[in-house]
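Chemist:
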Amino acid sequence: MHVRSQDSPIAKIAAGPRPVPAGEVVMTRLPRWPALVLALFVLAAFLPTREARADDPYFASVRGTVRDSQGRPLPGTSLTVSGDGVGRSRQRTGRDGTYRFPALRPLARYSITAELAGYRTVTYDGLVLQPGRARGMDFRLKRPGEREVVALVTRDPFPYQDLLRGFTQGLDVPVRVVDLDQEADPAESVRRVRAEHPSLLLGAGLRAARLIRREIPDAPAILTLVTDPRRYDLETSTTCFLANAPDPDEVVRHLTTMLPRARRIGLVYDADLSVSVAHDLLAAAGRAGIQVDLRPRYKGSSPEETLDPLRGRIDALLLPFDPLSASPDTVERVTRWALRNHVPLAAPGPDWVRRGALYAYGASTEQIGAEASRLAAEILYHGHQPSDFGVRVPPSRLLAVNRGTAEALGITLPPDLDAQVAY
Numbered sequence: 001m002h003v004r005s006q007d008s009p010i011a012k013i014a015a016g017p018r019p020v021p022a023g024e025v026v027m028t029r030l031p032r033w034p035a036l037v038l039a040l041f042v043l044a045a046f047l048p049t050r051e052a053r054a055d056d057p058y059f060a061s062v063r064g065t066v067r068d069s070q071g072r073p074l075p076g077t078s079l080t081v082s083g084d085g086v087g088r089s090r091q092r093t094g095r096d097g098t099y100r101f102p103a104l105r106p107l108a109r110y111s112i113t114a115e116l117a118g119y120r121t122v123t124y125d126g127l128v129l130q131p132g133r134a135r136g137m138d139f140r141l142k143r144p145g146e147r148e149v150v151a152l153v154t155r156d157p158f159p160y161q162d163l164l165r166g167f168t169q170g171l172d173v174p175v176r177v178v179d180l181d182q183e184a185d186p187a188e189s190v191r192r193v194r195a196e197h198p199s200l201l202l203g204a205g206l207r208a209a210r211l212i213r214r215e216i217p218d219a220p221a222i223l224t225l226v227t228d229p230r231r232y233d234l235e236t237s238t239t240c241f242l243a244n245a246p247d248p249d250e251v252v253r254h255l256t257t258m259l260p261r262a263r264r265i266g267l268v269y270d271a272d273l274s275v276s277v278a279h280d281l282l283a284a285a286g287r288a289g290i291q292v293d294l295r296p297r298y299k300g301s302s303p304e305e306t307l308d309p310l311r312g313r314i315d316a317l318l319l320p321f322d323p324l325s326a327s328p329d330t331v332e333r334v335t336r337w338a339l340r341n342h343v344p345l346a347a348p349g350p351d352w353v354r355r356g357a358l359y360a361y362g363a364s365t366e367q368i369g370a371e372a373s374r375l376a377a378e379i380l381y382h383g384h385q386p387s388d389f390g391v392r393v394p395p396s397r398l399l400a401v402n403r404g405t406a407e408a409l410g411i412t413l414p415p416d417l418d419a420q421v422a423y
C-alpha cells in the first residue's frame with residue numbers, strides 16, 4: 001500500500017516530480033490566474049476594435065473651414081496641428097474647404113497652422129481643447145499685399161449698426177465684422193483676428209476697445225463709441241479715437257444760440273462713466289457766463305429722482321452723449337419730465353428730438369462711421385499713422401429741432417437756423 005508523503009510543499013518541489021506507475025492517469029491543472037489571462041486574450045481577439053469618436057468623452061476634436069478674404073472656401077489647404085506632449089498631425093481641406101482633426105488628447109495646449117501656396121500662413125496658438133467637445137476653428141487666408149479691415153464691435157451700450165453703415169459706404173476695402181457680444185470667448189476671437197494680420201481695425205464700444213488694446217497692440221486701430229478714452233488707458237501709438245460728442249465749447253455756443261436767455265442749466269450725466277465729460281461742459285459753460293447745476297445719475301436711481309430737485313431752478317436741461325443718454329427708457333422718461341415741467345431740453349441725438357426734446361446737436365453715429373472711413377483711407381493709402389490723428393471730433397454735425405416743442409414752450413427759434421432735421 002502506497003502512503004503519500006506529508007512533507008511540506010518546499011520538500012516536494014526539491015524532490016522533483018514523482019514517478020508515475022504504469023497504468024496510472026495523471027491530471028495536470030494549470031494555476032487559475034494564467035488561465036484567466038489566456039481566456040481574456042482569446043476573447044479580445046474576436047471583439048471589434050473601438051474607434052474614437054469626436055464626441056467621445058475621452059477625446060477632443062477640432063473642425064472648421066478655410067476661406068479667403070472674400071469668404072470663398074479654399075480646398076487643398078494644408079493644416080497642421082501640434083501640441084505640448086503630443087505629435088504632429090496633418091491633413092488637407094476638402095473641396096468645400098472644411099477640415100477635421102478627430103480624437104485629439106484633451107487639455108493639452110495646441111497650435112493649428114493653415115498654409116496654401118499664394119496665401120499668407122496663419123497660425124492659431126494656445127488652444128486648449130475640452131474632452132468630449134468639438135472645437136470650431138475657421139481660417140481666413142489673405143494673399144500678400146491684400147488689404148482687409150476688421151470691425152470688432154460691442155454694444156456697451158451704444159448701437160453700432162449706423163456706424164458700420166457709414167464706415168463701409170466710403171471704403172473700398174473688404175470689411176469683416178466680428179460681433180464680440182455673440183462670441184463665446186471674445187478674447188480668443190480677438191487673438192484669432194491678430195493671427196490673420198489685418199490691415200486695420202475698427203473698434204466700436206468700450207469692451208472692443210479694451211480687447212484691442214490688450215490683445216492686438218501692434219495693429220493700427222480706430223476706436224470709437226467710447227464715452228471718454230482718457231478714463232481707460234486706451235491711448236497708444238497704434239490707436240486713434242473718434243469722439244462721440246462735439247467740442248464742449250461748441251455745444252455751449254449752440255445752446256446760447258437756441259436759448260439766449262438761459263442763465264442756469266441742469267446737466268444730467270452718467271455718474272460712473274462721464275465725470276470728465278461733465279466737467280469739460282461745466283468749464284465751457286463757465287466761460288460763456290452760464291451757471292451749471294450738475295446732476296450725476298447713479299446706478300439704481302430713476303431719472304425722476306435725479307431730475308426732480310431741478311424743478312423750478314433751471315432755464316434749460318442738457319444731456320451729453322453718454323451711456324445714460326443711450327438708453328431708450330431714459331429718452332422717454334427725461335423727455336416726458338422736460339415737457340411736463342416746461343423745461344427746454346438740449347439732447348445728444350435726433351431720436352430725442354422726435355420724442356419732444358427742443359433740439360439736438362452732434363454727430364450721428366453714421367457720420368462718425370463716415371469720418372472713421374476717411375481716417376482709414378488716410379492710414380491705408382497715404383502712410384499716416386493713427387497717432388497722427390489723436391482724438392478727433394467728426395467735422396460733420398447734425399442739428400435737429402422740434403418746432404412743435406418750441407411753440408409749446410413759447411420759444412422763438414432763430415430765423416436763420418440751419419437745421420438738417422426738423423419735426
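Residue numbers for the sequence shown, in this note's numbering: 1 to 423. The beta carbon of each residue, even a glycine, is placed where N, CA and C say it ideally should be.
Could you check how far apart the C-beta atoms of Pro386 and Thr239 are, in whole angstroms? I think they sit under 8 Å.
Modeler: Here residue 386 refers to the residue found at position 386 of the sequence shown. Here residue 239 refers to the residue found at position 239 of the sequence shown. Their Cβ separation, rounded to whole angstroms, is 5 Å, which keeps Pro386 and Thr239 in contact under 8 Å.
Chemist: Which parts of the segment 305-358 are runs of the beta strand (DSSP E), unbroken and 3 residues or longer, counting only runs that do not cross its ends?
Modeler: 316-318, 345-347
Chemist: Which value, in whole angstroms, describes the spacing of the CA atoms of Leu259 and Leu345?
Modeler: Locating residue 259 in the sequence shown gives position 259, where the first residue counts as 1. Locating residue 345 in the sequence shown gives position 345, where the first residue counts as 1. Taking the straight line joining both Cα atoms gives about 10 Å.
Chemist: State the DSSP-derived secondary structure class of Glu366, mapped to helix, strand or coil.
Modeler: One-based indexing of the sequence shown puts residue 366 at position 366. It is helical.
Chemist: Could you name the residues that DSSP lists as bridge partners for Thr80?
Modeler: Looking up residue 80 in the sequence shown gives position 80. Note: Thr80 sits in a beta bridge opposite Arg90, Thr113.
Chemist: Pick out the complete alpha helix (DSSP H) segments inside the segment 113-139, 4 residues or longer, and give them in chain order.
Modeler: none
Chemist: Take every Cβ of the segment 85-105, pair it with every Cβ of the segment 60-73, and state whether three or more of those distances are shorter than 8 Å.
Modeler: Using a Cβ-Cβ distance cut-off of 8 Å, the segment 85-105 and the segment 60-73 are in contact, since at least three pairs of beta carbons, one from each stretch, lie closer than that value.
Chemist: Please confirm whether any heavy atom of the ligand COA lies closer than 7 Å to the CB of Phe241.
Modeler: Absence of the ligand COA from the depicted structure is noted, as is the absence of any ligand whatsoever, leaving it without description.
Chemist: What are the uninterrupted segments assigned as alpha helix (DSSP H) that are 4 or more residues long and contained completely in the segment 146-174, given in chain order?
Modeler: 161-169
Chemist: Can you have a look at Glu371 and say buried or exposed, based on whether 16 or more other CB atoms are within 10 angstroms of its CB?
Modeler: Mapped onto the sequence shown, residue 371 falls at position 371. So Glu371 counts as buried.
Chemist: With a Cβ-Cβ cutoff of 8 Å, do Leu375 and Arg397 count as a contact?
Modeler: On the sequence shown, position 375 is the one that residue 375 refers to. On the sequence shown, position 397 is the one that residue 397 refers to. Contact: no.
Chemist: Per DSSP, what are the beta-bridge partners of Leu104 in this structure?
Modeler: Residue mapping note: residue 104 aligns to position 104 of the sequence shown, counting from 1. For Leu104, which the question treats as bridged, DSSP gives the partners Ala60.
Chemist: Helix, strand or coil: which one does DSSP assign to Gly404?
Modeler: The residue labelled residue 404 in the question sits at position 404 within the sequence shown. Of the three classes helix, strand and coil, the one that applies to Gly404 here is helix, per DSSP.
Chemist: Considering only residues of the same chain and omitting the five flanking positions on each side of Pro309, which have a CB-CB separation below 8 Å?
Modeler: In the sequence shown, counting from the first residue as 1, residue 309 sits at position 309. Result list for Pro309: Arg295, in chain order.
Chemist: The alpha helix (DSSP H) that contains Thr256, what's its start and end?
Modeler: Your numbering for residue 256 matches position 256 in the sequence shown. Going by DSSP, Thr256 is part of the alpha helix (DSSP H) stretching over 248-258.
Chemist: Taking Cβ positions, are Pro198 and Ala219 nearer each other than 8 Å?
Modeler: Sequence index remark: in the sequence shown, residue 198 carries index 198 (1-based). Sequence index remark: in the sequence shown, residue 219 carries index 219 (1-based). It is a contact, given that the beta carbons lie within the stated cut-off.
Chemist: Should Tyr232 and Leu201 be called a contact, given that it needs their Cβ atoms to be closer than 8 Å?
Modeler: Numbered from 1 along the sequence shown, position 232 holds the residue referred to as residue 232. Numbered from 1 along the sequence shown, position 201 holds the residue referred to as residue 201. In this structure, Leu201 does not lie closer than 8 Å to Tyr232 by Cβ.
Chemist: So which of Arg336, Phe139, Phe241, Arg105 has the shortest CA-CA distance to Arg133?
Modeler: Looking up residue 133 in the sequence shown gives position 133. Per the Cα distances, Arg105.
Chemist: Just how far apart, CA to CA, sit Arg311 and Ala204?
Modeler: Indexing the sequence shown from 1 puts residue 311 at position 311. Indexing the sequence shown from 1 puts residue 204 at position 204. Near 36 Å, if we compare the C-alpha coordinates of Ala204 and Arg311.
Chemist: Roughly how far, in whole angstroms, is the beta-carbon of Pro449 from the beta-carbon of Leu282, given that I think they are within contact range, below 8 Å?
Modeler: The structure shown does not extend to residue 449, since the chain is modelled only from 1 through 423, so no value can be given for it.
Chemist: On the three-state DSSP scale, how would you describe Pro430?
Modeler: With the chain represented from 1 up to 423, any question about residue 430 goes unanswered, as that position is not in the structure.
Chemist: Going by C-alpha distance, which of Ala209, Ile212, Ala103 is nearest Pro57?
Modeler: Counting from one through the sequence shown, the residue named residue 57 turns up at place 57. Per the Cα distances, Ala103.
Chemist: From this set, Ser111, Gly356, Leu116, which residue's C-alpha is nearest Pro73's C-alpha?
Modeler: For the purposes of this step, residue 73 is taken as residue 73 along the sequence shown, with counting starting at 1. With distances taken between Cα atoms, Pro73 lies closest to Leu116.
Chemist: Under a three-way DSSP split, which group does Leu141 fall into?
Modeler: Numbered from its first residue, the sequence shown carries residue 141 at position 141. Correct three-state label for Leu141: strand.
Chemist: Taking the continuous beta strand (DSSP E) assigned at Gly266, which residues delimit it?
Modeler: Position 266 of the sequence shown, counted from the start, is the residue given in the question as residue 266. Gly266 -> beta strand (DSSP E) spans 264-270.
Chemist: Does the structure place the segment 347-363 close enough to the segment 295-307 that three or more beta carbon pairs sit under 8 Å?
Modeler: no
Chemist: Can you check which of these residues, Arg194, Glu196, Asp156, is closest to Gln182 by C-alpha distance?
Modeler: What you label residue 182 is simply residue 182 of the sequence shown in a count that begins at 1. Checked all of Arg194, Glu196, Asp156; the closest Cα to Gln182 is Asp156.
Chemist: For the pair the segment 157-176 and the segment 355-370, tell me if three or more CB-CB distances fall below 8 Å.
Modeler: yes
Chemist: Within 10 Å of its beta-carbon, does Ser276 have 16 or more other beta-carbons around it, so buried, or fewer, so exposed?
Modeler: In the sequence shown, counting from the first residue as 1, residue 276 sits at position 276. Exposed, by the Cβ-count rule.
Chemist: Give every residue of the same chain whose Cβ lies closer than 8 Å to the Cβ of Asp416, excluding the five residues on either side of it in the sequence, and list them in chain order.
Modeler: Taking the first residue of the sequence shown as 1, we reach residue 416 at position 416. Excluding residues within five positions, none has a Cβ falling inside 8 Å.
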